[in-house]
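Accompanying notes for the structure given below.
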Amino acid sequence: MTRNIKILIIVSLILTISVLLIGCGNKKPVLNVYNWGDYIDPSVIRDFEKEFNVKVNYNTFATNEDMYVSIKKGGTSYDVAFPSDYMIERMINEGLLEKIDKENIPNIKYIEDRFLNLEFDPNNDYSVPYMWGTFGIIYNKNMVLEEVDSWNILWDEKYKDQILMLDSQRDSIAVALKKLGYSMNSRNIDELEEAKEELIKQKPLVYAYVGDEVKDMMIGEEAALAVVWSGDAVAMIRENDNLEYVIPREGTNLWFDSMVIPKNSKNKELAEQFINFMNRPEIAARNTDYIGYSTPNYKAMELLPEDIINSKVAYPTDEEIGDVEIFKDPKDIIKVYDEIWLEIKAQR
Numbered sequence: 353m354t355r356n357i358k359i360l361i362i363v364s365l366i367l368t369i370s371v372l373l374i375g376c377g378n379k380k381p382v383l384n385v386y387n388w389g390d391y392i393d394p395s396v397i398r399d400f401e402k403e404f405n406v407k408v409n410y411n412t413f414a415t416n417e418d419m420y421v422s423i424k425k426g427g428t429s430y431d432v433a434f435p436s437d438y439m440i441e442r443m444i445n446e447g448l449l450e451k452i453d454k455e456n457i458p459n460i461k462y463i464e465d466r467f468l469n470l471e472f473d474p475n476n477d478y479s480v481p482y483m484w485g486t487f488g489i490i491y492n493k494n495m496v497l498e499e500v501d502s503w504n505i506l507w508d509e510k511y512k513d514q515i516l517m518l519d520s521q522r523d524s525i526a527v528a529l530k531k532l533g534y535s536m537n538s539r540n541i542d543e544l545e546e547a548k549e550e551l552i553k554q555k556p557l558v559y560a561y562v563g564d565e566v567k568d569m570m571i572g573e574e575a576a577l578a579v580v581w582s583g584d585a586v587a588m589i590r591e592n593d594n595l596e597y598v599i600p601r602e603g604t605n606l607w608f609d610s611m612v613i614p615k616n617s618k619n620k621e622l623a624e625q626f627i628n629f630m631n632r633p634e635i636a637a638r639n640t641d642y643i644g645y646s647t648p649n650y651k652a653m654e655l656l657p658e659d660i661i662n663s664k665v666a667y668p669t670d671e672e673i674g675d676v677e678i679f680k681d682p683k684d685i686i687k688v689y690d691e692i693w694l695e696i697k698a699q700r
């Protein structure tokens with residue numbers, strides 16, 4: 353081998369190694385985010401990636417229970433997740449969440465005091481509020497001509513195959529409990545058995561148990577009545593003015609979704625940057641305007657259109673909400689909940 357050929361080989365090796373090293377050096381940090389379906393403005397993700405020169409892997413879940421199982425198993429390392437109140441309580445108790453360094457979340461100052469230090473996370477050590485709301489009944493005024501003011505209407509046989517229920521054991525069992533006059537947080541086995549029997553009795557009337565698809569189905573007038581979260585109701589009413597949302601007189605759930613950092617996060621500092629970014633007033637306002645849910649960020653409220661701010665669905669008064677409960681973790685009877693739901697879903 354001549355000297356010139358040797359030099360060329362060495363130069364080629366050096367160039368190859370240099371390219372590989374440069375490629376490794378330019379590899380972007382990755383943030384793994386786990387959120388409810390259709391629960392963020394997609395452009396917000398793109399803006400975060402651009403501003404912080406990172407890559408966001410974004411995955412979605414359908415229920416709190418699905419999210420919990422996925423994080424509990426630990427197959428995927430998520431950096432930020434968006435569970436609800438009772439599930440946050442459960443995850444804290446089971447050691448599944450990292451404490452958040454609030455020094456890295458200065459934008460938490462824009463959260464209204466009434467949304468901070470709630471019972472499921474008294475000092476907001478593990479969670480930062482994202483959205484809040486109620487759940488109730490949305491109905492088509494051309495298909496339901498009577499007054500809708502009670503959960504009982506979901507058991508009315510004249511609406512057979514026109515009723516949509518949430519495919520969520522926590523929420524659907526809660527509806528039956530409230531219909532019977534019991535607490536949504538009942539630990540009484542007899543009361544839970546009654547709720548199960550009510551849902552079994554109702555099942556032949558139910559067109560489908562649904563998740564995010566409820567929005568398109570109600571907008572497209574495929575059903576007359578549906579149990580929905582208030583933010584989804586706002587989005588549906590925007591698209592179809594035949595729809596109306598009510599909170600039944602027996603009471604409802606006042607819920608809170610928050611951002612948390614799972615224990616197996618591999619990028620906690622970037623996760624805190626993301627949570628802080630999401631609480632910038634202009635970013636929080638964009639998310640709120642896009643998805644229709646209610647923001648706890650008072651500065652974001654100032655940036656929202658009048659029709660959203662004045663919406664009684666998105667921002668009801670205490671009097672309009674009526675009798676509400678915040679879900680608590682049913683950890684001591686979770687097996688009962690699981691068994692009830694399996695039995696209901698097994699009915700033909």
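Sequential numbering of the sequence shown, starting at 353, is according to the working numbering.
Using N, Cα and C, we set each Cβ at its ideal position, and we do this for glycine too.
Next item on the list: Just the C-alpha distance for Gly375 and Phe413, rounded to the nearest angstrom, thanks.
Entry: Residue placement at Gly375 is poorly supported in this model, since its pLDDT is 48, which falls under 50; the coordinates are not used for a value here.
Next item on the list: Apply the 10 Å Cβ neighbour rule to Pro458 and answer buried if 16 or more other Cβ atoms are within range, or exposed otherwise.
Entry: Pro458 counts as exposed, since fewer than 16 other C-beta atoms from the protein chains shown sit within 10 angstroms of its C-beta.
Margin query: For Thr352, count the other beta carbons within 10 Å of its own beta carbon; 16 or more makes it buried, fewer makes it exposed. Which is it?
Written below: Nothing about residue 352 can be reported from this structure: the residues present for the chain run from 353 to 700 only.
Next item on the list: Would you tell me roughly how many angstroms separate the C-alpha atoms of Thr486 and Arg442, rounded to the nearest one?
Entry: Rounded to whole angstroms, the separation of the alpha carbons of Arg442 and Thr486 is 21 angstroms.
Checklist line | Local conformation of Leu665 per DSSP, three classes | finding: Per the sequence shown, the amino acid found at residue 665 is Val instead of Leu. Val665 falls in the coil class under three-state DSSP.
Item checked: First and last residue of the uninterrupted beta strand (DSSP E) at Asn409 -> Asn409 -> beta strand (DSSP E) spans 407-413.
Check: What is the DSSP secondary structure of Pro614, counted as helix, strand or coil?
Finding: Per DSSP, reduced to three states, the secondary structure at Pro614 is strand.
Notebook entry, point to check: So, using beta-carbon positions, are Val500 and Val579 closer together than 7 angstroms?
Noted result: The answer is no: Cβ separation not under 7 angstroms.
Margin query: Using DSSP's beta-bridge definition, name the partner residues of Ser436.
Written below: Asp609.
Notebook entry, point to check: Which same chain residues, not among the five before or five after Thr431, have their C-beta less than 6 angstroms away from its C-beta?
Noted result: Residue 431 is actually Asp in this sequence, not Thr. So the qualifying residues of the chain are Leu383, Asn384, Ser617, Asn619, Ala623.
Notebook entry, point to check: Assuming Tyr386 contacts Ala433 under a Cβ cut-off of 8 angstroms, what Cβ separation, rounded to an integer in Å, is found between them?
Noted result: Separation of the CB atoms of Tyr386 and Ala433 is rounded to 4 angstroms, and the pair is thereby assigned contact status at 8 angstroms.
Next item on the list: Kindly provide the ranges of any alpha helix (DSSP H) runs that are 4 or more residues long and lie completely inside the stretch 465-547, ordered along the chain.
Entry: Counting only runs of 4+ residues, the alpha helix (DSSP H) found wholly inside the stretch 465-547 occupies 521-531, in chain order.
Notebook entry, point to check: Just reading off the alpha helix (DSSP H) that Glu403 is part of, what are its end residues?
Noted result: Counting along the chain, the alpha helix (DSSP H) containing Glu403 begins and ends at 394-404.
Next item on the list: Pull up the distance between the alpha-carbon of Tyr724 and that of Gly603, whole angstroms please.
Entry: Given that the chain is displayed from residue 353 to residue 700, the structure contains no residue 724 and the question cannot be resolved.
Check: Is it right to say Ala637 is buried, meaning 16 or more other beta carbons lie within 10 angstroms of its own, or is it exposed?
Finding: With 16 or more Cβ atoms within 10 Å of its Cβ, Ala637 is classed as buried.
Next item on the list: Give the straight-line distance between the Cα atoms of Ile685 and Asp519, rounded to the nearest whole angstrom.
Entry: Their Cα atoms are separated by approximately 19 angstroms.
Next item on the list: Go ahead and pull the three-state DSSP assignment for Asn387.
Entry: Asn387 sits in a strand when the DSSP states are folded into three classes.
Margin query: Check for me: the beta strand (DSSP E) holding Leu694 runs from which residue to which?
Written below: Unbroken run through Leu694 is the alpha helix (DSSP H), 686-698; no beta strand (DSSP E).
Notebook entry, point to check: Rounded C-beta distance between Leu577 and Tyr650? I'm assuming under 8 angstroms.
Noted result: Contact doesn't hold; Cβ gap of about 34 angstroms is too wide.
Check: Between Asp453, Trp581, Ala666, Asn631, which lies nearest to Ile460 when the distance is taken from Cα to Cα?
Finding: Nearest of Asp453, Trp581, Ala666, Asn631 to Ile460, Cα basis: Asn631.
Next item on the list: Enumerate in chain order the residues of its own chain whose CB-to-CB distance from Phe467 is below 8 angstroms, with the five nearest sequence positions on each side excluded.
Entry: Excluding residues up to 5 positions away in sequence, Pro481, Trp484, Phe608, Pro648 lie with their Cβ nearer than 8 angstroms to the Cβ of Phe467 in the same chain.
Next item on the list: Tell me, to the nearest whole angstrom, how far the beta carbon of Lys548 is from that of Glu417; I am working on the premise that it is less than 8 angstroms.
Entry: For a cut-off of 8 angstroms, the C-beta gap from Lys548 to Glu417 is around 17 angstroms, too long to register as a contact.
Notebook entry, point to check: Under three-state DSSP, which class holds Thr640?
Noted result: In the displayed model, Thr640 falls within a helix according to three-state DSSP.
Checklist line | Cα-Cα separation, Leu529 to Glu543 | finding: Rounded to whole angstroms, Leu529 and Glu543 show a C-alpha spacing of 7 angstroms.
Note to self: Here's a check: name, in chain order, each residue in its chain whose Cβ is nearer than 6 angstroms to the Cβ of Ala698, leaving out the five neighbours to either side.
What the structure shows: In the same chain as Ala698, and ignoring 5 residues on each side of it, no C-beta atom comes closer than 6 angstroms to its own.
Item checked: Whether Phe679 touches Tyr438 by CB criterion (7 angstroms) -> With respect to the 7 angstroms criterion, Phe679 and Tyr438 are classified as neighbours on the basis of their beta carbons.
Note to self: Let's test the definition: count the other Cβ atoms within 10 Å of the Cβ of Thr428 and tell me whether it reaches 16, buried, or not, exposed.
What the structure shows: Exposed, by the Cβ-count rule.
Notebook entry, point to check: So Gly447 packs on Gly563, CB below 8 angstroms; how close in whole Å?
Noted result: The C-beta distance from Gly447 to Gly563 rounds to 29 angstroms, too long to fall under 8 angstroms, and the pair is not in contact.
Item checked: Short Cβ contact (7 angstroms threshold) for Val566 with Ile515 -> No, they are not a contact pair.
Checklist line | Per-residue burial, Asp670 [other beta carbons within 10 Å of its own, 16 or more giving buried] | finding: Asp670 comes out exposed.
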